[in-house]
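Residue numbers (the numbering used here): 68 to 1009.
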Amino acid sequence: MEQYVLRGKVKTALLSVLCPLFLYCQIVDVETEVGDWQILTQNDLLHFEDGTRSLTFNEVLKKEFVVAPRENVNKQAVHWYRFSLVGQKNKSLLFMSFRLADFSDVYVPVKGKEKYRHHTVGIFAKKQEKIIGVQHLQILRLPTDEVDFSRPFYFNRRVITHWAKNNWEHLPAFFFANDNVALSRDLLWVNYKGSDVPFYIGVVFISFFLFLVNFLISKNKSYLIYGLYLLGVAIYYANRLPMFLNFYQKTIPELYFYVNQITHIANIGCYTWFVFYFLDFKNVFPKAYIFTKRLLFGVLVFGVLYSLQIIVFPYFPWRFFLIDAFRVVVMLLSMALFVYLMFQNPDTIAKIVLIGSLVLIAGNVLSLVMGDYIMFLKLMVLEIILFSLVVALRNKEIDDGRLKYRYDLEVEKMKLKTLKELDSVKTRFYENITHEFRTPLTLIISPVVEKLSNPELSNEEREELDLINRNAHKLLDLVNQILDLSKLEEGNVKLIVRKGDLKSVIQLLIDPFRHEALRKKINFLYSVRDVETAWFDKDIIEKVVVNLLSNALKYTPKNGSIHVESYAKNGCWIFIITNTVDVNISIDVSKLFTRYYRASKNIQGTGIGLNITKELVELAKGNIVANTLQNNKIQFTVSLPIKKSMFTEVVNDYDGENNAESNLFIEPKSDVEALLKQGGETSLVKKKTEDAGLPKILVVEDNSEMRAFIVSNFKGEYNIKEAENGLEGIALAKEFLPDIIVSDIMMPLKNGFELCDAVKQDVHTSHIPVILLTAKVGEENELQGFKTGADDYITKPFSVKKLKVRVRQLIQNQKYLGDYYRTTFSTGPDMVISDTDSEFLKLLKQVMDKHITNPDFNVDTFVGAMKMSRRQLQRKLKTIIGMSPTEFIRNERVKLAAKLLGQSDATISEISYQVGFKTPSYFIKCFKEVYGCTPSEFSDNP
């Protein structure tokens, strides 16, 4: 008895929550209101060991009990005990505590036929009433009037947990009382003394929540791992609180043990994983990486096996040794690892984490030695504070990194912006230099072509002009290559796929090279097979074929050979060109498509043709390869898809038979070549020349030589005005009101696009056709021109004859517009008309509908209603409809009268007044001029 009292006094402060011995030792020396706790001694107990763990109570009653042993007890067996008590007649209740038991069957002798009443106590025993404290699980409350004290009590012990194993020597205690007041008060006092436990658990759980939020914000996986560790610690210690114990007692009491054991192992693994991940062992501590990885794997394997053991084999003999060995081994290995890492010159953050880890290990050791798990929780809070400091430092590092990243990003943006500006400058330079090249090339090629068309030219002069023409076109090809290179670098080359006759395109491209090969005495063979249906980008096909044929002619020596094949196979167009090469030229096939590569310094060229070819082929979703063959031959093979289904993302909504270009002009849609063959003036120009003087043309061009060249080709046929920039051109267009405008695009002050837009948006000039002449090739530039309202787009160098034909055709189209309006006075869907002209005509019709029958409606009223000057209205109507305002009013009245003659029974005089004529005689005269007969004759012959 004395040794238990002494032990209780020593451990009072350390075991205040977990050990009910605290309660008993407090009461051993202190007199309570209802009596003293009395603890049974070893000599008070008789013992029987059931090694089979299967005997029933009735079978045990027949066994022989002996004095309970003190040492070498087999804790895997079920141990039965017998003891006797002397009742106190003046006390109504008996309280019995079996102290730190996992599970015990207690058999109380009772009066009557029942003889013994069965009770269960312990952590794994279900309890009906609400649990006040942990020790309440081991206490029985018995009414003394039902107990038969003349017979002995029986109880057994079953050990599953380490807790019960380590407290095996704790013996039952009892006391008598009249009510529950003392017991409840003492249990509540113990709980109150241990009320700091929920505080520490709450701190740990709140920390888990904060780190979880931190993970969701930062996406840092280490915060999630550490948060899971904190959650595991909170669960492990919260299981010991009455709130959770009540939950377990209502469901599965032993679940408490399973959760705690598995959680404990998981916590060890989680924390090790956290340190492993957070400190980036793989990169920062490579020497410890493999060791820690294996340690983590070992913790995982042990956790799985131990979980299976406690569930399937709860009485496994070596279970206590395994868990003890695991904890000691992991603790020692972790401590050795963390101490080792402290000597590896870690940074400040790593040092703090490692110190916190050593603090946790120290807390674990102290809690085991002292038997006070609150010690670990206190050190756990210290570790959380340390890691919070780590998080603050890490966040500072991250913020500094973000600031540096933003700074670097801004620097990169500035560099990128500078590069883009340089690229833009380079692109503008390419465009400008191309424009500057194309203008003099036009001045070279156009006169040469004109001269070559002269049949009286001598052979000597023709050869010289042919030489000029060929070299001018070579220079033009080089200019085009520079422009193509610029567009490819900018990503401005778009794949435009249309349905077409691929064979005809290839044939037309091959013919000029065949003649050139014959001139150079090169054997040229070709085979171009029919292709049933082909979808392709004509521009890319032309550039690829021309570049490859030019390359072949360039490298093929005299008396060499070129062989060309073109055919379709498996939905692809195959183009193969094979040519011999000079034996003295060494060609590196791997570098053939590299920009600026030339096999020999003696070979002319820039070395960009094949590079452009490869990029164009890849843009068209094809492939090109080069191979060297025997007998000094090189072969290029191009494969391009030609099925529509292969271009679902880039196929246009129009094909070769119904394309956007075919809808740009009004009928008659005369073919340009057919008009070229006509040679002389059209009837429209002759008629205008004879009846109203020469058509008016405005030429806008900043290059004086080019402007003079264009003007020289229209002299004698047109009344010409010139402007040297877009701003001057806009002003002249409003003043001169030409029949057509021919303008360059790249000009100072206002460029051609701006001029065209200004002309088309102004109601006074919107009807004037505009032709844009430019060196800016490509569909995007053409589309930009057409969006501003341009009626045609011709690139330099251009054919003078083609330009003349387009001018004649557009003026003729304007005449058809006038005839159409005079006949129908409506804007049909098949007619090309600008939005500005359409709005003008709508207003014109509204004014006519409102005022036409008013006899006082004259030109002055008409001008006011249209909100234009007399001169502006005169020019606009004369240009669009071919009438003066007076003629237009008169004709509209006559057309209205013609309608009434067929619909009304009124007299001619009455109709003349209804439509606004002041006298019937003037009405009859005007009617006869329009319809060629009198109103009476018109009425008689409708």
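Just so it is clear, CB atoms sit at the ideal spot from N, CA and C, and this is done for glycine as well.
Three or more beta-carbon pairs drawn from the region 197-208 and the region 304-320 are found closer than 8 Å, and the two stretches are therefore classed as touching.
For Met163, the secondary structure class from DSSP, reduced to helix, strand or coil, is strand. Just measuring C-alpha positions, the residue of His630, Ile641, Asp475 sitting nearest Val598 is Ile641.
Boundaries of the alpha helix (DSSP H) harbouring Trp340: 322-345, taken from the DSSP string.
For Cys639, the uninterrupted beta strand (DSSP E) segment begins and ends at 639-647. Taking Leu683 as reference, the option from Ile629, Gln697, Val546, Leu707 with the minimal CA-CA separation is Leu707. Note: Trp602 is bridge-paired with Lys566 in the DSSP secondary-structure output.
Your pair Val145 and Arg120 checks out as a contact, with CB atoms roughly 5 Å apart and the cut at 8 Å. Cα atoms of Ile807 and Lys909: separation of roughly 24 Å, rounded to the nearest angstrom. In the DSSP annotation of this structure, the continuous segment of the alpha helix (DSSP H) that includes Pro309 starts and ends at 309-317. The C-alpha of Phe591 lies about 31 Å from the C-alpha of Leu524. For Phe241, the enclosing beta strand (DSSP E) stretches over residues 240-244.
Distance check between Val611 and each of Phe341, Asn678, Val656 places Asn678 closest, using alpha-carbon atoms only.
Asp172 carries a strand assignment under DSSP once its states are collapsed to helix, strand and coil. Asn536 is positioned such that its CB atom lies closer than 9 Å to that of Leu519. For Phe990, the enclosing alpha helix (DSSP H) starts and ends at 987-998. Counting C-beta atoms within 10 angstroms of its own C-beta, Tyr989 has fewer than 16 neighbours from the protein chains shown and is therefore classed as exposed. Cβ atoms of His831 and Lys801 come within 8 Å of each other, at about 6 Å. From the listed residues Ser159, Asn157, Phe165, the smallest Cα separation to Ile106 is found for Phe165. The count of Cβ pairs closer than 8 Å, one atom from the region 217-232 and one from the region 137-156, reaches three, so the stretches are in contact. Less than 9 Å divides the Cβ of Ile701 from the Cβ of Val648.
Of all C-beta pairs linking the region 334-345 to the region 231-241, fewer than three are shorter than 8 Å, placing the two stretches out of contact.
Put simply, of Tyr980, Val457, Asn958 the residue whose alpha carbon is nearest the alpha carbon of Val997 is Asn958.
His185 is bridged by DSSP to Tyr174.
Counting along the chain, the unbroken beta strand (DSSP E) around Asp811 starts and ends at 807-811.
Taking 8 Å as the upper bound for CB-CB distance, Thr862 and Thr841 are in contact here, some 6 Å apart. Non-local beta-carbon contacts of Arg873 in its own chain, meaning distances under 8 Å to residues more than five positions away in sequence, involve Val739, Ile838, Asp859, Ile861 in chain order. The beta-carbon distance between Ser217 and Gly189, rounded to whole angstroms, is 27 Å. This is too long to meet the 8 Å contact definition. Comparing alpha-carbon positions, the option among Leu279, Leu620, Lys605, Asn547 lying closest to His582 turns out to be Leu620. Boundaries for Leu107: no beta strand (DSSP E) harbours it, and the DSSP string shows neither H nor E there.
A distance below 9 Å separates the beta carbons of Phe162 and Leu209. Under the DSSP assignment, Lys763 falls in the beta strand (DSSP E) whose first and last residues are 763-767. Cβ-Cβ separation between Lys817 and Gly793: approximately 3 Å, consistent with a contact (criterion under 8 Å). Shown here, Arg505 sits in a helix according to DSSP, grouped into three states. Minimum Cα-Cα distance from Pro836 among the listed residues Leu167, Met813, Met814, Pro805 corresponds to Pro805. Sorting Lys992, Leu404, Phe388 by C-alpha distance to the C-alpha of Ile227 places Phe388 at the top.
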